[in-house]
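One structure below.
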Amino acid sequence: MKGIFFFISFLAVIGLQAQDSIDAVLKTHNKNNIPYISVTEARMLQLQGKAILVDARNREEFEVSAIASAKHINSHPFSFEEFEKSFPNKNELIIVYCSLGVRSEDFAEKLKKIGYTQVKNLYGGIFEWK
-2 MKGIFFFISF
8 LAVIGLQAQD
18 SIDAVLKTHN
28 KNNIPYISVT
38 EARMLQLQGK
48 AILVDARNRE
58 EFEVSAIASA
68 KHINSHPFSF
78 EEFEKSFPNK
88 NELIIVYCSL
98 GVRSEDFAEK
108 LKKIGYTQVK
118 NLYGGIFEWK
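In the numbering used here, the protein residues as written are -2 to 127.
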């Protein structure tokens, strides 16, 4: 019984340290110009069909793992025309993600610059989603 308690405690500590690591990376590399959305809220909106999930990673990463129903848009080079054709409603909620949330912030900033009004960055990216 003691062993189970220690094992569960160990897992809880590791989970907290992982969260601290994500926080540190995002605080170091992001400008916080794009609001974050939690995985819980993003999942709920996705299931309700109230949000578009856009993967900002490269094609190879997307093919290895992706969030179900997410759209991949090549962010290097980014084509404004391609994006606007795919998503003409600039007031629709768009949730952008990458591995952790750094590249997705850069991509989301580009979307804001071309007039998209409801853009959010998935906090912790696909690693947090899993």
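Heads up, the beta-carbon is just placed ideally off N, CA and C, and yes, glycines get one too.
{"Query": "Looking only at its chain, what residues have a beta carbon closer than 7 Å to the beta carbon of residue 116, apart from the 5 residues adjacent to it on each side?", "Result": "31, 91, 93, 105, 108 and 109"}
{"Query": "With the cut-off set at 8 Å, would you say residue 27 and residue 112 are in Cβ contact?", "Result": "no"}
{"Query": "If you measure between the beta carbons of residue 100 and residue 63, is that distance less than 8 Å?", "Result": "no"}
{"Query": "To the nearest angstrom, report how far apart residue 21 and residue 124 are at their CA atoms.", "Result": "15 Å"}
{"Query": "In chain order, which alpha helix (DSSP H) runs of at least 4 residues are fully inside the stretch 22 to 105?", "Result": "36 to 44, 56 to 61 and 77 to 83"}
{"Query": "Nearest chain B C-beta to residue 58 closer than 8 Å, yes or no?", "Result": "The chain labelled as chain B is not found in the depicted structure, where only one protein chain is given."}
{"Query": "Starting from residue 117, follow its DSSP beta bridges and name the residues at the other end.", "Result": "92"}
{"Query": "By a C-beta neighbour count over all protein chains shown, 10 Å radius and 16 as the cutoff for buried, is residue 78 buried or exposed?", "Result": "exposed"}
{"Query": "Which whole-angstrom value is the C-beta distance of residue 119 and residue 39, which I expect to be below 8 Å?", "Result": "6 Å"}
{"Query": "Count the other C-beta atoms from every protein chain shown that fall within 10 angstroms of the C-beta of residue 60, then say buried if there are 16 or more, exposed otherwise.", "Result": "exposed"}
{"Query": "Look at the alpha carbon of residue 56 and the alpha carbon of residue 68, and state the distance between them as a whole number of angstroms.", "Result": "11 Å"}
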